[in-house]
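Sequences listed follow chains A, B, C and D, in order. Residue numbers for the first sequence follow the working numbering, beginning at 1 and rising by one. Residue numbers for the second sequence follow the working numbering, beginning at 1001 and rising by one. Residue numbers for the third sequence follow the working numbering, beginning at 2001 and rising by one. Residue numbers for the fourth sequence follow the working numbering, beginning at 3001 and rising by one. Everything below concerns the one structure shown next.
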Amino acid sequence: MQGGPIREQERTEPMATKLKETTAHAEQREAVTVRFAGDSGDGMQLTGGQFTQSTALAGSDLATFPDFPAEIRAPQGTTFGVSAFQINFGSEAIETAGDAPDILVAMNPAALKTNLAALKPGGLIIADTGEFGARNLKKAGYEESPLETDELKDYQLVAFDISAQTLESVKEFGLGNKEALRSKNMWTLGLVLWMFDRDRQPIVDWLNAKFLKKPEIAAANIAALNAGHAYGETAEVQQGLGRYQVGAAETEPGLYRTVTGGESLALGLVAGASLVDLPMFFGSYPITPASPLLHTLSRLKEFGVTTFQAEDEIAAICSAIGASYAGQLGVTSSSGPGIALKGEAMGLAVMTELPLVIVNSQRGGPSTGLPTKTEQSDLYQALYGRNGDAPMPVIAARSPVDAFDCAIEACRIAVEYMTPVMLLTDGYIGNAAEPWRVPSIDDYEHRPARHYEGEPVSPYSRDEKLARVWIKPGTPGLMHRIGGIEKNYETGNIDYAPANHQKMTDTRQAKVEGVADSIPDQDFEIGGPGDDMLVVGWGSTYGPIHQAVKRARAGGANVAQLHIRHLWPFPKNLGMLLRGFDKILVPEMNTGQLKTVLRDQFLVDAQPLNKVSGQPFKIAEIEAAIAEMLG
Amino acid sequence: MQGGPIREQERTEPMATKLKETTAHAEQREAVTVRFAGDSGDGMQLTGGQFTQSTALAGSDLATFPDFPAEIRAPQGTTFGVSAFQINFGSEAIETAGDAPDILVAMNPAALKTNLAALKPGGLIIADTGEFGARNLKKAGYEESPLETDELKDYQLVAFDISAQTLESVKEFGLGNKEALRSKNMWTLGLVLWMFDRDRQPIVDWLNAKFLKKPEIAAANIAALNAGHAYGETAEVQQGLGRYQVGAAETEPGLYRTVTGGESLALGLVAGASLVDLPMFFGSYPITPASPLLHTLSRLKEFGVTTFQAEDEIAAICSAIGASYAGQLGVTSSSGPGIALKGEAMGLAVMTELPLVIVNSQRGGPSTGLPTKTEQSDLYQALYGRNGDAPMPVIAARSPVDAFDCAIEACRIAVEYMTPVMLLTDGYIGNAAEPWRVPSIDDYEHRPARHYEGEPVSPYSRDEKLARVWIKPGTPGLMHRIGGIEKNYETGNIDYAPANHQKMTDTRQAKVEGVADSIPDQDFEIGGPGDDMLVVGWGSTYGPIHQAVKRARAGGANVAQLHIRHLWPFPKNLGMLLRGFDKILVPEMNTGQLKTVLRDQFLVDAQPLNKVSGQPFKIAEIEAAIAEMLG
Amino acid sequence: MNDMTPLKPNDFATDQEVRWCPGCGDYAILKGVQRTMAEMGARPENTVFISGIGCSSRFPYYMETYGFHTIHGRAPALATGVKLANPDLDVWIITGDGDGLSIGGNHMMHVLRRNLDCQILLFNNEIYGLTKGQYSPTSREGTRSPSTPYGSVDHPAEPGTFALGSGARFIARCIDTAQKQMPGILKRAHAHKGASFVELYQNCIVYNDDVFAGFTEKKQAPFTQLWLEHGQPMLFANGEKGIALDADTLSLKIVHVVDGDWEAAGVRVHDEKNRVMAGLLVAMRHNEGMPVALGVIYEDPAPSFEEDVRTQNVEAAKGKVVDLEALIKKGQTWEVNQKKLREV
Amino acid sequence: MNDMTPLKPNDFATDQEVRWCPGCGDYAILKGVQRTMAEMGARPENTVFISGIGCSSRFPYYMETYGFHTIHGRAPALATGVKLANPDLDVWIITGDGDGLSIGGNHMMHVLRRNLDCQILLFNNEIYGLTKGQYSPTSREGTRSPSTPYGSVDHPAEPGTFALGSGARFIARCIDTAQKQMPGILKRAHAHKGASFVELYQNCIVYNDDVFAGFTEKKQAPFTQLWLEHGQPMLFANGEKGIALDADTLSLKIVHVVDGDWEAAGVRVHDEKNRVMAGLLVAMRHNEGMPVALGVIYEDPAPSFEEDVRTQNVEAAKGKVVDLEALIKKGQTWEVNQKKLREV
Ligand SMILES: Cc1ncc(C[n+]2csc(CCOP(=O)(O)OP(=O)(O)O)c2C)c(N)n1
Ligand SMILES: Cc1ncc(C[n+]2csc(CCOP(=O)(O)OP(=O)(O)O)c2C)c(N)n1
Ligand code: SF4
Ligand code: SF4
Ligand SMILES: [Mg+2]
Ligand SMILES: [Mg+2]
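Below is the structure:
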């Protein structure tokens, strides 16, 4: 230990004062939010991920929010190169990554600069002074080191030379300086694990597995992890580091894992295809934040998944339509700009009535917009973004875990109703993680798709749900032609006749509206008919809305919550539920898109609460809006 | 004259009876609807066009509806090869092509077959028996000749051998049989001109001009025209042909011409560009029914128009954005499927805030749909069909003449507000014709666009309307970069910051909503606040709605009409006007798209009246819906 | 249909009324394809015609096989999905010069590059038929059309050259009316494993009549057409002329053959496997005095895309247990029992 | 800026922080382009950089000229509008192997075919950089990437071959780090009237590091790189080897040059105008033992698109009165006076 940082702090008056005040012990907390922030090269996502794992194993409920830089590898030390990972965990149900962190780990000046504003007043900052040299300060836009001015006087600051500590801890492995410093994140993680009294073993195991072929790297990382932990034990009093106790959450019994929305979506699609007994064809073109689905699925070939990286989004959806035509379950995936390109082909799928799942991982728009930020501004596009009257079921996932069920549901509807289905998720859900009570596949209904074989029929003959027969090429005796031109209701041949077009339009509409017969009634999440006000949401705003409504109710407000998965068609009782309220608030990360649909469909005075900043809602923002509406 | 047809008719009992009943003379009519129908090769569109011209010169008000086959050149004699042209004209204001024709000219069995259903009960059929041979009957799906059964007993039938008459009339010119029969349509036109007591001279002049280089063809056609006319005079009594008097309409003084929506749109764009003092760049890709705009504009190079047939719709809009970036007025045009492809690029235009006019000539959808039929089902796509929150002004033409003003308005808004603007028209408006009191360009305000030159400013600095500066490349000292990623409000540099994205989103929205400050208040077309019911429309349903409301009022109903040109943003007073009514009917040729927007924006109980058959509304359909709503 | 009776060309015709303009070259191609099907003994249920949009793309409606009339330019993309989903299907792509080279140029390039096993029939009429006659990417410079009333100014694309540039491994050409040769060429295309690119010169009688007359006209045909056969000398004009190579300029030239001694005249033997020669042959222009190369110009097979994808899928799955339950339980898990925590 | 002082490379740099990964080849290209601008005496206000989306497409933000960072793959289409609207502008298109050959392949083909006067710089790193490393159309077979964990199976596109197939009339190649040659090549591209296609081998240090090392490695460079110069013999390996043609197979081969007598060895002289030779040169593969062709491989100018369009616009307008009032009053008109009808 080189002592530098401590000396630094001793020099500054305000800091010393603060330190004395903050030497608490194993404080009991219901929930804590920690934010790890550092340079993109500092491994913050990994640190966050492992801390998440450890938190899950400790039985707390949790939610995370990884916040990547837009650049692949921004120059070191810059503010735009900061990578952060926030986790909120507690003994109560946790549904957001937390409005404001209690603890900020800042691995360099840029990380401090960009994340300080979010920190709770009085919150704890852990900073690596080893990175607060002149160069880094300048890159972050600091003229003086904030660790040495009174800029941080409203926070608790614990600053010391983590870099030096790390070097010291791995010295025996004879790594180069650069290589050795790579373990900084594990050192830090060790320290934080100590703060929350966590077991290091699972992480040690994980490191050993990860660096199976490079045992010296594994060993160095483990040494750093242990050293960080030890530092907490020894440095505790002097350094003012708190220790926190966060209890286990009350949880349904079962087998658990943590899952990100991205993983859960991929698994859900595989499960969905399996439940309808079809091989899956996945045609896609890379785009942030949708690409991880392509990556994950391309590793699951043994589950009957064929992945195809097409030349563009149009080819991607067209290939998926082709695969569905040939009898598989076609799936395509993109985000906003790519979905825009698929509009024409979606119309073809509507017209030819083929099953197809279209996943939209929404990001900030319009145009290229904010590729790495989250938003839910593609609802209009999902519902209305095609030429002609082209109705299509639309469903949206509310959380990482929920993406699994939604994916299964999308596959079911597509096949059962012979229709394209749009599945909405977003950048936030995709990257966020939460604990998941892993279901058994047997919990889900197995509804095998049927390819028609038998006597010749019109390719547009329909079942009682109005779904047309699915005849796949290769079936003897059933040769037929389909296409994007209007078809005769009876024969399936091209038909431009006025009455026929009306009938087919009505039929397509009735078929999609009929999907409502197969979905559960809408429930309230909290409260119900008697309340003074209703908050309605969809997608990833679930967490903050739920918490805000809970808090408002705790504060005595009679406010109910309702969260919609099936955005088209709506559950049949939705109108009835909504009409029971005079005050309806619709928080959305867009300029009011669901609001439009609710007002149109049910003529209720739904009022928008809009946030279009690329960031999820804070609980407090929604709470404030509830309070305002209640007057 | 070979007499065949007369003999045929003499053979059949019912026919003879009918003939006797129908020898009326120069009946006075307020309005008459005539439908010319024949094989695509029969020149029906030309006949209709010339009859329209003649009607206009006679001072009647009129509206037309050309109804083409979907095929380029369908095999002769088939039902799907029938080409029809309907004209409604009268001494009152005429706004639709008429619900049901009074007179049907059927040049062959297929034309009779496909058009009979539309004919008014008791209406007059003029048929060319020369084409009712076994082969043609079979092609049309007749087992027996309907001229000889009692299938037509509820109509007046005048059937004779027009083919033979024509051959006879042009015999002196020594044309081949095929060539000679080409004049059939002129012979028929001559006959109809006689029925309405019209001057033949303008058509003679037109024929001479058209066949300037083939004088013998001109002469033959003129001979046929005269022969048809003479036939009317001589055959009148025996044949039961009526003569009708339709008076001149009361008309504003001024210079008139007939104009189709296609022509008027092209002229309006040229005028619109001229009024903002910009060369026009038109990037497009052919598609029915949008292509005529490309064709017309490519002949107007002397007006500073550059046309570019791109490799696809995406390239078309991108080239137009590029031209706008470079300082011209970029315009692009397509119909539904092509517009779907442009969605992503529209977002780019929204984000970079460049002027752009996007014309959508709507056709029947979804997908390839009914390319040659009309519909107004792309309103959703116009308003909502892009990723992210991407607001864009949308305006719609109500009639062929109105397209001129709407095009000028679109150009104005695009340039004044630095925004893409969507201009909606449809297949019906494009092909239909009506008389146009030709305006003077000086009647329109001249508002030259300004390209910024001067001191360096941020490319996103804005005027009081929130329009950003338009700096074109080539301007010294003002080099800057724009693009589809979110930009800093102040500097225009890339900026992913949450607060900035919120501000830019709000600004883009406020700018587009601000367009409402520059448009006139909404007026009622008929009636007003005191009425019991309001009918709201947009686009080409204007005619039938107007007539239906007029008729309903004539029948004592207190119903008002309001027709919206500016679909986004709406005129500022629209909500106020709508809220004055409990009963609001919204007839649309879609499944209820404007209805959605009105209910969302104003929370009024607007009820849809939908027709999705590829055909315009009939007046009677709307009248019936009004009656029903009034109870 | 009885599996034992060989199918006749007419058995491949549907009950749909053919809706091309009377006299359109598409009719002849339809006939040629139906005949080819019969001669090949194609199984209708295993055959899929996939088209984009255009007059030519109406084709599938008239084939008593499976058919998909998709959207403009996207047939190759759709076909890729079909073939990957079911490699046993026989996939024929029908496209036009606009559909396949204008809006669909990119998919064309990539399907060729990837070498999907399919037959691509490009009906080249050097015009947009269906939308009423605008010029297309293959229209010659100066083409007057509704959208180019003063004549087009862009340099046309040469389909064969483009296909070669995109990596095509089979290139053939035929004329709509060349009914004698068509089945043979189509059969070769079909036999070729991988993407077969066949350009068919098709007369659009309405909007571009006789644009190919310069070399399709029957009487002049021996002098304007070079029908290629692998291993045979490149002779035409009833054997009196042949194609030789100027090795210095790397260009083709016409040489006169005296007394049938083509070797002496330097006439080259057609080598289908020679990509460079294929490039030279497709570039021969009738209006530059050269005959138009017809028949199979190039074939040099390589593994096909769907085959490689399938093989990889199978390889990757080998030895792996397909257990969905296990999949979703992968990674670090823990068990919560009776609402109490137990770490596993 | 004073018009009189010649601009320095740095004058073409913006105040924006460059946001590529440290060590990315894009930096070197940026430097090379800025130097070229200065050396050419380019006027910043007349220069426009237009890009699609990708790491490479960030380029315009760093050039103190006009710049438009458009959408993925569409830069050539947008550039076409810019250049048609204002032919005086100097238009540079910046694209990547994904942007320009995957999603944007069609626009690339058509801008080349039409021969728009512009410079197209294709940054080929054989990978999708910005979206984190998926394989691209130029990735070699077997490339393992996040989307192809078992290796890619598609045959890669060869940019130069594709460009030639599309009708390009200028083809050049350079390496990011070849700072000495880059300005010269870019100046040639700029001087060429029409579409100039320049492929730049660019190292993506993060996702595809050293993929070109086989021929870019400095020490081996003389043996792996063939720098072409018009009119000069195609020599490499310090003049000890050269490129000759096997006229029989129409393929290139390496010959050994003894005592500098390249003529005796059959080494060909580089002829930029020879399209067939250009095709052979771009197709030379390092992994097949051939050197990689660099420099200006092909140039054979033809009229450019915007020039032809402009000329036609002017011609068509000649002698015509530009009278909007007259235009809208065209055709048959009639006058209605005092609410009474009068036929004119
Ligand atoms: C997205 C879209 N754009 C444009 C069209 C209109 N369109 C239909 S076919 C066609 C071109 C047809 O030309 P080609 O492919 O050469 O076929 P041909 O009719 O000549 O056989 C066009 C532009 C369309 N249907 N869809
Ligand atoms: C319509 C659309 N699809 C996909 C993307 C995502 N995307 C951005 S760049 C890129 C590919 C980049 O590869 P390349 O062009 O080779 O550029 P590089 O980053 O390698 O320089 C992709 C797929 C996008 N932005 N827009
Ligand atoms: S327009 Fe031309 S290509 Fe189309 S059907 Fe008619 S003749 Fe054939
Ligand atoms: S990802 Fe690759 S191409 Fe992109 S900036 Fe980084 S090194 Fe360069
Ligand atoms: Mg064509
Ligand atoms: Mg790349």
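C-beta atoms are modelled at their ideal positions from N, C-alpha and C, and glycine is treated no differently.
Residue i - containing beta strand (DSSP E), residue span
i: residue 1210 of chain B; result: It is not in any beta strand (DSSP E) - residue 1210 of chain B instead sits in the alpha helix (DSSP H) that spans 1201 to 1210.
i: residue 3024 of chain D; result: Segment: none, residue 3024 of chain D is in no beta strand (DSSP E) and carries neither H nor E.
i: residue 420 of chain A; result: 420 to 426
i: residue 3069 of chain D; result: 3066 to 3069
Whole-Å CB distance - residue i paired with residue j, under 8 Å assumed
i: residue 3176 of chain D; j: residue 3028 of chain D; result: 4 Å
i: residue 1262 of chain B; j: residue 1307 of chain B; result: That pair is no contact at about 15 Å.
i: residue 127 of chain A; j: residue 84 of chain A; result: That pair is no contact at about 14 Å.
i: residue 2200 of chain C; j: residue 2121 of chain C; result: 6 Å
Endpoints, alpha helix (DSSP H) assigned at residue i
i: residue 1579 of chain B; result: 1574 to 1579
i: residue 1391 of chain B; result: Unbroken run through residue 1391 of chain B: none, as it is neither H nor E.
i: residue 3159 of chain D; result: 3159 to 3165
i: residue 2259 of chain C; result: Run containing residue 2259 of chain C: none; DSSP gives neither H nor E here.
Straight-line Cα distance separating residue j from residue i
i: residue 1448 of chain B; j: residue 1327 of chain B; result: 12 Å
i: residue 384 of chain A; j: residue 1385 of chain B; result: 6 Å
i: residue 1108 of chain B; j: residue 478 of chain A; result: 37 Å
i: residue 2051 of chain C; j: residue 2078 of chain C; result: 9 Å
i: residue 564 of chain A; j: residue 539 of chain A; result: 8 Å
i: residue 135 of chain A; j: residue 151 of chain A; result: 19 Å
i: residue 2264 of chain C; j: residue 3246 of chain D; result: 20 Å
Residue i: CB within 8 Å of a non-hydrogen atom of ligand 8
i: residue 2124 of chain C; result: Within the structure as shown, ligand 8 is missing, the only ligands being ligand 1, ligand 2, ligand 3, ligand 4, ligand 5 and ligand 6.
Fill in: Contact residues within the region 1308 to 1329 of chain B, judged by C-beta distance below 7 Å to chain A
If the cut-off is 7 Å between Cβ atoms, the region 1308 to 1329 of chain B has nothing near chain A.
Practice prompt. Compile a chain-ordered list of the residues in the region 329 to 341 of chain A whose CB is closer than 9 Å to at least one CB of chain B.
Written response: The region 329 to 341 of chain A vs chain B, Cβ under 9 Å: 335, 336, 337, 338, 339, 340 and 341.
Item to complete: Check each residue of the region 2094 to 2118 of chain C: if its Cβ is closer than 9 Å to any Cβ of chain D, include it; give the result in chain order.
Response: Listed in sequence order: 2101, 2102, 2103, 2104, 2105, 2106, 2107, 2108, 2109, 2110, 2113, 2114 and 2115.
Worksheet item: Taking a cut of 8 Å between CB atoms, which residues from the region 3138 to 3156 of chain D lie near chain A?
Response: Cβ contacts with chain A come from 3146, 3147, 3148, 3149 and 3150.
Discussion item. Please output, in chain order, the residues near ligand 4 using a CB cut-off of less than 5 Å to any non-hydrogen atom of the ligand.
Written reply: Residues with a Cβ closer than 5 Å to any heavy atom of ligand 4, in chain order: A:72, D:3020, D:3021, D:3024, D:3055, D:3129, D:3204, D:3205 and D:3206.
Item to complete: Note down, in chain order, all residues in the region 2180 to 2204 of chain C with a beta-carbon under 7 Å from any beta-carbon belonging to chain A.
Response: Per Cβ criterion, the list is empty.
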